[in-house]
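Numbering (my numbering), first residue to last: 363 to 469.
Built from N, CA and C at the ideal position, the CB exists for glycine as well.
Following: one structure in structure tokens, then a few remarks.
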């Protein structure tokens, strides 16, 4: 976890973004953006055993618009937190699973 000069929390992983209720925005070089619910995205990464740090997670995404137009996958350029409502829906974790994860995070 990092902090900026203002003392605000800056998430370094998908789980931290979910714990602090920040949405996650992916932006491609072409300008296409997608906003994910952080809890659902964390659950996807948790189920698949993927590393949830922003640096590692960027490699798991590609732009669907570039794939449609150019027939090749182009990985997302930026991954950042935001307060926008999600535009992509994924399955959410069960409440007991999420509460156990939060308790591990706080403990």
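Under 9 Å between C-beta atoms, does residue i make it to chain B?
i           : result
residue 444 : The structure shown has no chain B; it contains just one protein chain.
Tell me whether the beta-carbon of residue i lies closer than 9 Å to the beta-carbon of residue j.
i           : j           : result
residue 445 : residue 384 : yes
residue 376 : residue 407 : yes
residue 412 : residue 454 : no
Pull up the CB-CB distance for residue i and residue j, whole angstroms please, since I reckon it's below 8 Å.
i           : j           : result
residue 415 : residue 465 : Contact flag wrong, Cβ pair sits at about 21 Å.
residue 395 : residue 403 : With a Cβ gap of about 15 Å, residue 395 and residue 403 do not count as contacting.
residue 467 : residue 379 : With a Cβ gap of about 12 Å, residue 467 and residue 379 do not count as contacting.
Based on DSSP bridge pairs, tell me the residues matched to residue i.
i           : result
residue 461 : Residue 461 is not bridged to any residue.
residue 385 : 444
residue 375 : 415
Checklist entry - Which ranges does the alpha helix (DSSP H) cover as unbroken runs of at least 4 residues, wholly within the stretch 388–445, from first to last along the chain? => result 400–410, 416–419 and 426–432
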